[in-house]
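Residue 423, in the working numbering, is where the sequence shown stops; the numbers in between run on with no holes.
Worksheet: the structure to be examined is printed underneath.
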Amino acid sequence: MEASRFICIFVLTGAMAYAQQPSPPVKITLEQALELAAKHNHSLKAARTTISQSLADEVTANLRPNPSLAWDSQFIPFFNLSQLGSADYFNNTAQFDLGVGYTIERGKKRQNRLQAAKDQTAVTRSTVLDNERTLSFNVAQQFIAVQLAESMLDLAQQNLKSYQQTIDISEARVRAGDMAEGDLIKIKLQLLQFQQDVSSAKLSRVQALAALRQLLGFESVPENYDVEGALDYKPVTSTEDELKSLAMQSRPDLTAARQSVIAAHSQVALARANSKKDLGVSFNYSHVGAENSAALFFNMDIPLFDRNQGEIAHTQAAVTQSDELYREATEQVSSDVVNAWEGLKTNDEIVNLYRSGYLDQTTQSRDISEYAYQHGAAPLLDFLDAERSYRANQLAYRQALAAWMVSLEQLRAAVGTRNLP
3 MEASRFICIF VLTGAMAYAQ QPSPPVKITL EQALELAAKH NHSLKAARTT
53 ISQSLADEVT ANLRPNPSLA WDSQFIPFFN LSQLGSADYF NNTAQFDLGV
103 GYTIERGKKR QNRLQAAKDQ TAVTRSTVLD NERTLSFNVA QQFIAVQLAE
153 SMLDLAQQNL KSYQQTIDIS EARVRAGDMA EGDLIKIKLQ LLQFQQDVSS
203 AKLSRVQALA ALRQLLGFES VPENYDVEGA LDYKPVTSTE DELKSLAMQS
253 RPDLTAARQS VIAAHSQVAL ARANSKKDLG VSFNYSHVGA ENSAALFFNM
303 DIPLFDRNQG EIAHTQAAVT QSDELYREAT EQVSSDVVNA WEGLKTNDEI
353 VNLYRSGYLD QTTQSRDISE YAYQHGAAPL LDFLDAERSY RANQLAYRQA
403 LAAWMVSLEQ LRAAVGTRNL P
C-alpha cells in the first residue's frame with residue numbers, strides 16, 4: 003500500500019514538473035509572418051472595412067424611390083361625435099381624400115448611381131491591396147531587422163567566447179612568467195567592449211521582435227516567439243525593363259489610379275442624369291358627400307434655371323484631375339522601380355566586395371595574430387588591432403547583407419509582387 007502511494011506521488015510530481023516546463027518558442031518564417039500580418043494586422047483589418055462600406059453604398063445607390071401615401075378628412079364633428087357612425091353624416095357631410103404617389107426617375111439615375119458606386123468599390127479594393135503591399139514591405143523589413151539583430155548577437159557571443167579564451171591563455175602565460183601583468187590588464191580591459199556588444203545585441207533583438215509582433219498582431223504569436231532563417235544572399239537575374247513592365251501590371255496603387263479615372267467618368271454620367279427632372283405621379287380618391295371620384299396628377303420641375311450645370315462642370319474637372327493623377331502615378335511607379343533597382347545593384351556590389359575575399363582575409367589575419375600572440379611571437383597591439391579589424395568587418399558585412407535584403411524587399415514593393423521574374 004505504501005509502495006503504491008509512493009509511486010502515485012512520484013508520477014504526479016513528474017507530471018506537474020513536465021507541465022510547468024516552459025514551452026519552446028514558436029518560430030516563424032518570413033512567409034508565415036506575411037500571412038499572419040495579412041490576417042491579424044489591425045490597421046489592415048480596419049482598411050478592409052472600407053470595402054464593406056462601399057458595398058453598402060452600392061445597395062443604397064440601387065434603391066428605388068419610396069411611394070407616398072396621403073390622406074385627409076374634413077368636416078369631422080368633433081363636438082358631436084355620435085354622428086360619425088350615422089349614414090346621414092357619411093352620405094351628406096363627410097369629405098375625405100386618399101392618394102398614392104410615386105416619383106418616376108428619369109435619365110436612368112438609378113443605373114448611373116449604381117455604376118458610380120461599383121466603380122468606387124473597385125477603387126477601394128485596389129487601395130486596400132496597396133495597403134497590403136505597404137504592410138508586406140514593413141513586415142519584411144522588420145523581419146530582416148530581427149535577423150540582423152540575432153546575427154549580431156551570435157557574432158557578439160562568439161567574439162566574447164573567443165576573447166575569453168585569449169584571456170585564459172594570457173593568465174596562464176602570466177603565471178608562467180612568459181608575459182607581463184600590465185599586458186594582461188590591457189587585454190582584460192578590452193573584455194568590457196565585448197560584454198557591451200552582447201548586451202546591446204540582446205536589447206536590439208528584443209526591440210526588433212516587439213516591433214515585428216506589433217505588425218503581425220499581438221494575438222497572432224506568443225510572447226516568446228522567434229523568427230526562422232538567417233541573413234542570406236541570392237542574386238537577382240531580372241532586368242530593369244522586365245521589372246518596369248511587371249510593375250505597370252501589378253502595382254495596386256496604379257490600378258487604383260486607373261480605376262479612379264473610370265470612376266470620375268461615372269460621376270459625370272451621374273451628374274448629367276441628375277440634370278433630368280423627375281416625374282411625379284399621383285392617384286387620388288375623393289369622397290365628398292354622397293359622391294365618389296378619382297383624380298390623376300402629374301408634376302415635374304421645369305428646368306429653366308437649375309440644370310445641374312455646376313455639378314456637371316465639377317465632375318468634368320474631376321475627370322481631368324484623375325487623369326493627371328493617373329499619369330503621375332505611372333511616373334511614380336517607374337521612378338520607384340528605378341530607385342529600388344539601383345539600390346539593389348549598389349548593395350549587391352558591396353556584398354560581393356566582402357564575399358570576394360575581404361572576409362576571409364580579415365579572418366585569417368585575426369587567426370594568425372591570435373596564434374602568434376598566444377605563442378609569444380607577436381606583440382599585444384598587433385593582436386588587438388587584428389581583433390578590432392575582424393569585428394569591424396564582420397559587423398559591416400552583416401549590415402551590408404541586411405541592407406541588400408531590405409533593398410530586395412523595396413524592389414518587390416516597387417514592382418508590386420513578391421514573385422520577381
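Note that beta-carbon positions come from the ideal geometry of N, C-alpha and C, so glycine has one too.
Predicted model only: the values in this text are computed from it and were never measured.
Distance from the Cα of L193 is smallest, within the candidate group A158, A147, F307, A174, for A158. Closest option to V408, judged by alpha-carbon separation, among Y104, N140, G282: N140.
Contact between A39 and S268 is absent: CB atoms are separated by about 33 angstroms, not below the 8 angstroms threshold.
Residue M154 holds the alpha-carbon nearest to the alpha-carbon of Q197 among L211, P224, M154. The three-state reading of DSSP puts V417 in helix, counting H, G and I together. The residue among P237, Q366, L218 with its C-alpha nearest the C-alpha of D228 is L218.
The beta carbon of L186 is closer than 6 angstroms to those of S172, V176 in its chain, skipping five residues each way along the sequence.
Going by DSSP, T322 is part of no beta strand (DSSP E) but of the alpha helix (DSSP H) stretching over 311-355. Contact between L248 and P423 holds: their C-beta atoms lie close to 7 angstroms from each other, under 8 angstroms. Going by beta carbons, V148 and A210 fall inside the 8 angstroms limit. Of the candidates Q412, Q366, E293, the residue whose Cα lies closest to the Cα of A96 is E293.
Ranked by how close their Cα comes to the Cα of E242, the residues T257, S277, D338 have D338 in first place.
Apart from sequence neighbours up to five positions away, the residues of its chain that approach T105 with a beta-carbon distance below 6 angstroms are P67, D280, G282, ordered along the chain. With the rule of 3 Cβ pairs closer than 8 angstroms, the region 107-115 does not count as touching the region 163-170. For the pair H42 and D387, the Cα-to-Cα distance works out to about 49 angstroms. Within the region 186-266, no run of beta strand (DSSP E) reaches 3 residues while sitting entirely inside it. Spatial neighbours of P305 in its own chain (CB-CB distance under 6 angstroms, excluding positions within 5 residues in sequence) are listed in chain order as K279. Under the three-state reduction of DSSP output, F385 falls in the helix class. Taking a cut-off of 8 angstroms for Cβ pairs, the region 353-363 and the region 327-341 do not touch, as fewer than three such pairs fall below it.
For R215, the closest C-alpha among the options K29, E411, A296, D303 is that of K29. Membership of Q143 in the alpha helix (DSSP H) is indicated by the continuous run 111-177.
In the structure shown, the three-state DSSP call for N94 is helix. Three or more beta-carbon pairs separated by less than 8 angstroms link the region 118-130 to the region 256-275, which places the two stretches in contact.
When DSSP states are grouped into helix, strand and coil, N395 belongs to the helix group. The Cβ atoms of N286 and F307 do not sit closer than 8 angstroms to each other.
Residue pairing by DSSP places A48 opposite no residue, since no beta bridge is assigned to it. DSSP lists D74, S288 as the beta-bridge partner residues of D99.
In the DSSP secondary-structure assignment, F299 is bridged to S284. Around S371, the same chain offers A380, D384, F385, A388 as residues with beta carbons nearer than 7 angstroms, after the five sequence neighbours per side are excluded. Membership of K41 in the alpha helix (DSSP H) is indicated by the continuous run 32-42. The Cβ neighbour count for E411, taken over all protein chains shown within 10 Å, is at least 16; the residue is labelled buried.
A Cβ-Cβ separation of about 5 angstroms places L346 in contact with L413 under the 8 angstroms criterion.
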